[in-house]
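Novice:
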Amino acid sequence: MFEKRLFSLVPQATPHIMASVLFKWIALMANITVMWVLARILGGIVTDGLSAALAVDALAQAALPLAAATIVRAVSIYLAQRAGDKAAFEAVRRVRSLVYDKLTALGPSYTETVPTAEAVQTSVEGATQLQVYFGGYLPQLFFAGLAPITLFALLVGQAGLPAALLLACVPVIPVSIMMVMRNAKKIGAEYWGSYVDLGGMFLEAVQGLTTLKVYQADRSWHERINTESERFRTATMRLLVMQLRSICVMDLVVYMGAALGIIVATLQLATGKIGFEAAFLIVFLSQEFFLPMRRLGSLFHTAMNGMAASRRMFGILDTPEPERGDVELDGRGDIELAGVSYAYGDRTVLDSASATIAHGSLVALVGESGGGKSTIAGIIAGRKGAYRGSVRIGGVELRDATAASLMRAVTLVPTNGHLFAGTLRDNLLLAQPSATDTELLRALDRTRVAAFVQANGGLDMVINEGGTNLSGGQRQRVCMARALLHDSPIYVFDEATSNVDAASEAAIGEVIASLAGGHTAIVVAHRLSTIVGADQILVLERGRIAEHGTHGELLATAGAYARMWNSQEQLSAYAYAEDDAEDVEDAGAVEAVDGSAACTDGLNGASSSSAAAALDSGRVRRSAPSIMWRMMGLVRPLAGWLVLAVALGSIGMLTAAFVPAFGALGLMAALGRNALGLGLIAACAACAACGIARGPLHYGEQLCNHYIAFRLLAHIRNLVFGALRQLAPAKLEGRGKGELVSLVTSDIELLEVFYAHTISPIAIALVCTVVFEGFLLAVSPELAGIALVAYAVLGVLLPLTSAKACGTTGRQSREGAGKLGAYVLDSLRGASETIQFAGGADRSRALAKLTEQVGAVDARLKRRQAASEAVADALILAANLVMLGHALQLVAAGTIDFAAAFVAVFTFVSSFGSVMAVSRLGASLQETLASGARVLDLLDERPQCAEVADGQDVEFAGAAAEHVSFSYAGGVDAGGAGATEQVANDAAANLILDDVTCTFAPGTMTCIMGRSGSGKSTLLKLLMRFWDPAAGTITVSGVDARHINTASLRSHEAYMTQDTHLFCGTVRENLLVAHANATNAELLDACRSASLTALIDRLPQGLDTPVAELGDSLSGGERQRIGLARIFLNDAPFILLDEPTSALDALNEASVMQAVDELKRRGKTIVLVSHRASTCAFADCSLSVEHGRLS
1 MFEKRLFSLV PQATPHIMAS VLFKWIALMA NITVMWVLAR ILGGIVTDGL SAALAVDALA
61 QAALPLAAAT IVRAVSIYLA QRAGDKAAFE AVRRVRSLVY DKLTALGPSY TETVPTAEAV
121 QTSVEGATQL QVYFGGYLPQ LFFAGLAPIT LFALLVGQAG LPAALLLACV PVIPVSIMMV
181 MRNAKKIGAE YWGSYVDLGG MFLEAVQGLT TLKVYQADRS WHERINTESE RFRTATMRLL
241 VMQLRSICVM DLVVYMGAAL GIIVATLQLA TGKIGFEAAF LIVFLSQEFF LPMRRLGSLF
301 HTAMNGMAAS RRMFGILDTP EPERGDVELD GRGDIELAGV SYAYGDRTVL DSASATIAHG
361 SLVALVGESG GGKSTIAGII AGRKGAYRGS VRIGGVELRD ATAASLMRAV TLVPTNGHLF
421 AGTLRDNLLL AQPSATDTEL LRALDRTRVA AFVQANGGLD MVINEGGTNL SGGQRQRVCM
481 ARALLHDSPI YVFDEATSNV DAASEAAIGE VIASLAGGHT AIVVAHRLST IVGADQILVL
541 ERGRIAEHGT HGELLATAGA YARMWNSQEQ LSAYAYAEDD AEDVEDAGAV EAVDGSAACT
601 DGLNGASSSS AAAALDSGRV RRSAPSIMWR MMGLVRPLAG WLVLAVALGS IGMLTAAFVP
661 AFGALGLMAA LGRNALGLGL IAACAACAAC GIARGPLHYG EQLCNHYIAF RLLAHIRNLV
721 FGALRQLAPA KLEGRGKGEL VSLVTSDIEL LEVFYAHTIS PIAIALVCTV VFEGFLLAVS
781 PELAGIALVA YAVLGVLLPL TSAKACGTTG RQSREGAGKL GAYVLDSLRG ASETIQFAGG
841 ADRSRALAKL TEQVGAVDAR LKRRQAASEA VADALILAAN LVMLGHALQL VAAGTIDFAA
901 AFVAVFTFVS SFGSVMAVSR LGASLQETLA SGARVLDLLD ERPQCAEVAD GQDVEFAGAA
961 AEHVSFSYAG GVDAGGAGAT EQVANDAAAN LILDDVTCTF APGTMTCIMG RSGSGKSTLL
1021 KLLMRFWDPA AGTITVSGVD ARHINTASLR SHEAYMTQDT HLFCGTVREN LLVAHANATN
1081 AELLDACRSA SLTALIDRLP QGLDTPVAEL GDSLSGGERQ RIGLARIFLN DAPFILLDEP
1141 TSALDALNEA SVMQAVDELK RRGKTIVLVS HRASTCAFAD CSLSVEHGRL S
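Take the sequence shown: its letter number 880 is residue 880 in the numbering used here, and every next letter is one higher.
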């Protein structure tokens, strides 16, 4: 299996691969040298009658060359491993960079080729999987061909027939592997596909976990994830069985081939056809013919994962990029659209739209949600290149313009702009890297967010991934400030102020108006009052530009624009008329009491940094034994399988060791020196039997071990998602979603090393040690003592020393992998912004730097692993020589005879297989234990609001907040006493709500108003009990929410967040999140209430039309209406709506709000947050939140 294309992608790895091969060959030659010297010394005793005492002297004289060979071998093993590690790192760095740069070049359209979760896993985990291919498999591929040829060349002159037989058996290994693994590519692809599907489903669930919890759908998604996890386990077992079959065949060839060579050599020695030295070398070098190829086979199985990932990588790399022109665009001319059409699949959203936008003018795009406004904005901004027709700027067709000049000429400010994890300064400098702090603050001041920034850490304020620690309005204003720093000739504002308060909107409107003249400003708007001063208004209706003109001209024509304007005007009149018809005051709808203390505007996590610090300080520092003990606890239900694995593994390991041991017996028998009462034929038969038995026994052991491991990994995934359900949303705020995907995929997968390759190997090593010690004790207690010391040093002291030397490197490595996943996901989610501001190269360099940093940590860990491997090999050689020397001394003293000593010594030489497996664990287990610690940290994390299962069930009869104070810093359960004071101080300094009291009586509608970031959305989250107040009480039906069964509480509440989350699936599936058993009639009724019917009728497959990832194929208004349809479908008595009409046009706003008002008439209690006066006018009364206080 040699992929030329993959190899050619990383030419930098070639020198390291060749160096690794060279050092492996030098290590082999050093081992041959040692065996050759021993053969000469022992041959002197057997054939020349040399006394044991003289043999001891000869061994002492050879001490220097033997020591030199031992050191050379150890150093070569170390250097071979390090060269392979360097090749692996070059591959990871190169491939990750290529894939990431390709995804960036594709822009947001990459989702048409590969889902985001797969893109993240491919560029992070997939690239990492190639480490084995470049660092292990390729060097071993060349060495596996070189080693047997070298051995044959050295042995053929002394033992021609055995050497020829051994060489002839070597090709059987790759041939047998290929025969067994004919379906390897298909099964490997199924495995990797299942792996990325699991990651994708997990990412979907984590991103939408708040929505799932609102509608109590998180349990059903938990079941779906468990089903997908079981599918992945089945795919993994299928891959494993295929691999184990080939391993079984390899073991048969290796050990039977070695046994065949040994038998032939002993028989030829018995008949005098070869000498003792030649027979000795054949017996003790026979496995060296096969082990390189056997090792290659094992690496092949691991490399298959990387190969499966590489095919996905090639799929990404081969994706055609959008065609780019070569004409420079300055953006200073008119914008001309002629017959422009655009479709999402079978759904046409623009149909032959034509218009001219004069340079320096202020132009508004208005129309119903889904009418094509955002699509036109995206086309002009160069984000939707698959349009038909013509779009020209200053006479230059957009298709002919260079991408860089188009991005410089046009700046798009979307509804939901992306902010990257980092600092506010970093996010602003993306648009203008040379800007000074003064310029940055001036831009923030223009968008009315400077005061908030100054009060919360200034330009170095921490921003979470996606800006989740800011309110919706704050995010929009920061994105607006960033866009102003770009200073392009053309600005396109796509509902860029939908979530800001009226005062801020007015101020930003003045900024936009001031741009006109020197810049062309295009505004997509639903609030028609904000664009009455536009130079031209384009009215879109069903994908066409139905009319255009100024505000006055369009009103005079009494067309579509006039209908929307009149609808918006009538909306307030309708609501106020309803107010007059009802005696709201008698309903006792709301009682509000001002708080007494002022506070700063809070971020939705204004203290996210301090909260994170609190969580870090509360993290338990786990020792390796404590992690292993916790993970061992999960094995109890599968203890029977573990006992079977240990039994099969112990017998299998003993058979592998006794192949050369019986060969040693055969040598003595061939010389007429029977040891242990076995003759030549019996020794040969026993040798053959061991060679045959090894393969099936190893197969059975590994099958049992991996059955245990994969069962437990599926169980751990179940526990992890269950923990996330408990922690969401409070404890997941600010935590990178990519990092969580890394935890549930690669971290949990790494636990396989513990469950399949740690527990039973330790037990097997103990069993084998007891057996070997018993055998040696029967021959000589002194030899048994030497062996015990050697086993203890290799199996106990060395792994403990290696583990201590590694320190926290394993944890750093796994956290680095999590950071890589979070960074790539953050970058892909912000691909539009990266392209817009020409930040792709900077993000790519930052990824390369992060890869270097993680690679440096990995390199430290791998250096220690390589050193541990080299030291272990040197210790084994040294122990063998000490054992031989002492055995010869015992022979010289007459304590034991030569034959018994010979068999004992070379049984000891072949006995280190099980102990070596344990000795490697000290270094190799570090990443696994780090992954285990990360998983345990998550499982042990205490939720901020523990779900209640033993409280009260209630029927909804109103809700209230009583003297409630809250801070996101104080809302975090620090978990550690050391963090308590800091969190308390942060809480006091960053109060979001301060002594708030209000009542929401049944059957009333209350509107909460206030500036962006003043605490409106926070109050809704407290009512949902996503957080608990720091002081005061939230009550539902007169009962403290903390004492109500969570299931009962959620069954009475429905909550629509500011940003409606849509899952990858169909419209129907997204609606059923709110009511899994809803009938088709109920779905359609909810759609009518949410003004979705027209959209459903236009969709090619109606309710069964797929929506793109995060609903990107729908407009903001369409996504929002699906969120509203969920509310209507859920039919809860207590409804919380956060900016429910921010992305809706006037006609749809009127329709939706009348439906909401009808819900109130049916007895529903409604609390809505809105900046729109027309929406608030429907409320029975309004609350105003300022600086955390209510009025």
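The beta-carbon is built from N, C-alpha and C at its ideal position, and this holds for glycine as well.
At the level of alpha carbons, what is the spacing between arginine 829 and glycine 466?
Specialist: The sequence position of residue 829 within the sequence shown is 829, counting from 1. The sequence position of residue 466 within the sequence shown is 466, counting from 1. So the alpha carbons of these two residues sit roughly 8 Å apart.
Novice: On a Cα-Cα basis, can you pick out the residue from Pro729, Leu732, Ile708 and Asn718 that is closest to glutamate 752?
Specialist: Within the sequence shown, the letter at position 752 stands for residue 752. With distances taken between Cα atoms, glutamate 752 lies closest to Ile708.
Novice: Where do the ends of the beta strand (DSSP E) carrying arginine 544 lie?
Specialist: Taking the first residue of the sequence shown as 1, we reach residue 544 at position 544. Residues 544–549.
Novice: What three-state label does DSSP hand tyrosine 491 in the structure shown?
Specialist: Working through the sequence shown from its first residue, we reach residue 491 at position 491. In this structure, tyrosine 491 counts as strand in the three-state DSSP scheme.
Novice: Can you tell me whether DSSP reads methionine 1024 as helix, strand or coil?
Specialist: Within the sequence shown, the letter at position 1024 stands for residue 1024. Residue state, collapsed to three classes: coil.
Novice: Can you look up arginine 383 in the DSSP assignment and give me helix, strand or coil?
Specialist: Position 383 of the sequence shown, counted from the start, is the residue given in the question as residue 383. In the structure shown, arginine 383 sits in coil (DSSP, three-state: anything other than H, G, I, E or B).
Novice: Give, in chain order, every unbroken run of the alpha helix (DSSP H) that is at least 4 residues long and sits entirely within the region 147–224.
Specialist: Listed in chain order, they are 160–169, 172–180, 184–207 and 209–214.
Novice: Please state whether DSSP places glutamate 815 in a helix, a strand or coil.
Specialist: Position 815 of the sequence shown, counted from the first residue, corresponds to residue 815. Looking at glutamate 815 - three-state DSSP - the assignment turns out to be helix.
Novice: So, at 6 Å on beta carbons, what are the nonlocal neighbours of leucine 59 in its own chain, with the 5 sequence-adjacent residues on each side left out?
Specialist: Locating residue 59 in the sequence shown gives position 59, where the first residue counts as 1. Same-chain partners within the cutoff: Ile41 and Gly885.
Novice: From proline 660 to leucine 269, what does the alpha carbon distance come to, in whole angstroms?
Specialist: Translated into positions along the sequence shown, residue 660 becomes position 660. Translated into positions along the sequence shown, residue 269 becomes position 269. Near 16 Å, if we compare the C-alpha coordinates of leucine 269 and proline 660.
Novice: In three-state DSSP terms, what is aspartate 1131?
Specialist: If you number the sequence shown from 1, residue 1131 lands on position 1131. In this structure, aspartate 1131 counts as coil in the three-state DSSP scheme.
Novice: With a floor of 4 residues, list each alpha helix (DSSP H) that falls wholly inside the region 271–346, ordered by position along the chain.
Specialist: Counting whole runs of 4 or more residues, the region 271–346 contains the alpha helix (DSSP H) stretches 276–317.
Novice: For leucine 406, which residues of its own chain have a beta-carbon under 6 Å away from its beta-carbon, when the five flanking residues on both sides are left out?
Specialist: Your numbering for residue 406 matches position 406 in the sequence shown. The answer, listed in chain order, is Leu329 and Gly382.
Novice: Determine the direct distance from the alpha carbon of alanine 184 to that of glutamate 815, and round the result to whole angstroms.
Specialist: Residue numbering aside, residue 815 sits at position 815 when the sequence shown is read from its first letter. Residue numbering aside, residue 184 sits at position 184 when the sequence shown is read from its first letter. Using only the alpha carbons, I get a separation of about 32 Å.
Novice: Among the residues of its own chain, which have a CB less than 7 Å from the CB of glutamate 962, if the five just before and after it don't count?
Specialist: Within the sequence shown, the letter at position 962 stands for residue 962. Only Thr997, Gly1032, Thr1033 and Thr1035 meet the Cβ criterion.
Novice: If we count the other Cβ atoms within 10 Å of its Cβ and call it buried at 16 or more, is aspartate 437 buried or exposed?
Specialist: The count along the sequence shown starts at 1 and reaches residue 437 at position 437. So aspartate 437 counts as exposed.
Novice: Grouping DSSP H, G and I as helix and E and B as strand, with all else coil, what is proline 1106?
Specialist: Position 1106 of the sequence shown holds residue 1106. Residue state, collapsed to three classes: strand.
Novice: From glutamate 223 to glutamate 204, what does the alpha carbon distance come to, in whole angstroms?
Specialist: In the sequence shown, residue 223 corresponds to position 223, counting from 1. In the sequence shown, residue 204 corresponds to position 204, counting from 1. The straight-line gap from Cα to Cα measures roughly 14 Å.
Novice: What's the C-alpha gap between threonine 319 and leucine 642?
Specialist: For the purposes of this step, residue 319 is identified with residue 319 of the sequence shown, where counting begins at 1. For the purposes of this step, residue 642 is identified with residue 642 of the sequence shown, where counting begins at 1. Between threonine 319 and leucine 642, the C-alpha separation is close to 47 Å.
Novice: Return the chain-ordered list of same chain residues with a C-beta closer than 6 Å to the C-beta of glutamine 121, the five sequence neighbours on each side being excluded.
Specialist: In the sequence shown, counting from the first residue as 1, residue 121 sits at position 121. The answer, listed in chain order, is Val196 and Gly199.
Novice: For glutamine 61, count the other beta carbons within 10 Å of its own beta carbon; 16 or more makes it buried, fewer makes it exposed. Which is it?
Specialist: Taking the sequence shown and counting its residues from 1, one reaches residue 61 at position 61. Its Cβ having fewer than 16 others within 10 Å, glutamine 61 is exposed.
Novice: Cutting at 8 Å between CB atoms, please list the residues of its own chain near lysine 373, excluding the five before and the five after it.
Specialist: The residue given as residue 373 occupies position 373 in the sequence shown. Counting only Cβ-Cβ distances below 8 Å, and skipping sequence neighbours, we find Leu365, Val366, Gly367, Asp494, Val524, Leu540 and Ser1115.
Novice: Given leucine 1102, which residues of its chain have a CB within under 7 Å of its CB, disregarding the five upstream and five downstream residues?
Specialist: Counting from 1 along the sequence shown, the entry for residue 1102 is found at position 1102. Before going further, note that residue 1102 is glycine rather than leucine in the sequence given. Counting only Cβ-Cβ distances below 7 Å, and skipping sequence neighbours, we find Ile1096.
Novice: Just to confirm, are leucine 1072 and glycine 1111 a CB contact at a threshold of 8 Å?
Specialist: Walking along the sequence shown from the start, residue 1072 turns up at place 1072. Walking along the sequence shown from the start, residue 1111 turns up at place 1111. Cβ atoms of leucine 1072 and glycine 1111: not closer than 8 Å.
Novice: Quick one: any contact between the region 716–735 and the region 776–796, if contact means 3 or more CB pairs under 8 Å?
Specialist: Because the criterion of three Cβ pairs below 8 Å is not met, the region 716–735 and the region 776–796 do not touch.
Novice: With a threshold of 16 other CB atoms inside 10 Å of the CB of asparagine 1080, please say whether the residue is buried or exposed.
Specialist: For the purposes of this step, residue 1080 is taken as residue 1080 along the sequence shown, with counting starting at 1. It counts as exposed.
Novice: Assuming methionine 1005 contacts lysine 1160 under a Cβ cut-off of 8 Å, what Cβ separation, rounded to an integer in Å, is found between them?
Specialist: For the purposes of this step, residue 1005 is identified with residue 1005 of the sequence shown, where counting begins at 1. For the purposes of this step, residue 1160 is identified with residue 1160 of the sequence shown, where counting begins at 1. Confirmed, about 5 Å.
Novice: Distance check for serine 827 and threonine 851, CA to CA, integer angstroms please.
Specialist: Stepping through the sequence shown from its first residue, residue 851 is reached at position 851. Stepping through the sequence shown from its first residue, residue 827 is reached at position 827. For threonine 851 and serine 827, the distance between alpha carbons rounds to 14 Å.
Novice: Select from Asn427, Met293 and Leu703 the residue whose C-alpha is nearest the C-alpha of valine 241.
Specialist: For the purposes of this step, residue 241 is identified with residue 241 of the sequence shown, where counting begins at 1. Per the Cα distances, Leu703.
Novice: Could you tell me whether the Cβ atoms of cysteine 687 and threonine 655 are closer together than 8 Å?
Specialist: Taking the sequence shown and counting its residues from 1, the one referred to as residue 687 is at position 687. Taking the sequence shown and counting its residues from 1, the one referred to as residue 655 is at position 655. No, Cβ-Cβ distance for cysteine 687 and threonine 655 is not below 8 Å.
Novice: Report yes or no: do three or more beta-carbon pairs, one from the region 1000–1018 and one from the region 1169–1180, lie closer than 8 Å?
Specialist: Touching, per the Cβ criterion.
Novice: Just to check my reading of the structure: valine 99 and leucine 317 have Cβ atoms closer than 8 Å, yes? What is that Cβ distance to the nearest angstrom?
Specialist: Mapped onto the sequence shown, residue 99 falls at position 99. Mapped onto the sequence shown, residue 317 falls at position 317. Confirmed, Cβ separation roughly 7 Å.
Novice: Where do the N-terminal and C-terminal ends of the beta strand (DSSP E) with tyrosine 1055 fall, by residue?
Specialist: In the sequence shown, the residue the question calls residue 1055 occupies position 1055. That run of the beta strand (DSSP E) goes 1053–1056.
Novice: Between Tyr110, Leu64 and Gln129, which lies nearest to phenylalanine 300 when the distance is taken from Cα to Cα?
Specialist: Here residue 300 corresponds to residue number 300 of the sequence shown, with the count starting at 1. Answer by Cα proximity: Gln129.
Novice: Assign lysine 804 to buried or exposed, taking buried as 16 or more other Cβ atoms, counted over all protein chains shown, within 10 Å of its Cβ.
Specialist: Counting from one through the sequence shown, the residue named residue 804 turns up at place 804. Exposed is the call here.
Novice: Per DSSP, glutamine 536 is paired with what?
Specialist: Counted from its first residue, the sequence shown places residue 536 at position 536. In the DSSP output, where bridge partners are listed per residue, glutamine 536 has Val363.
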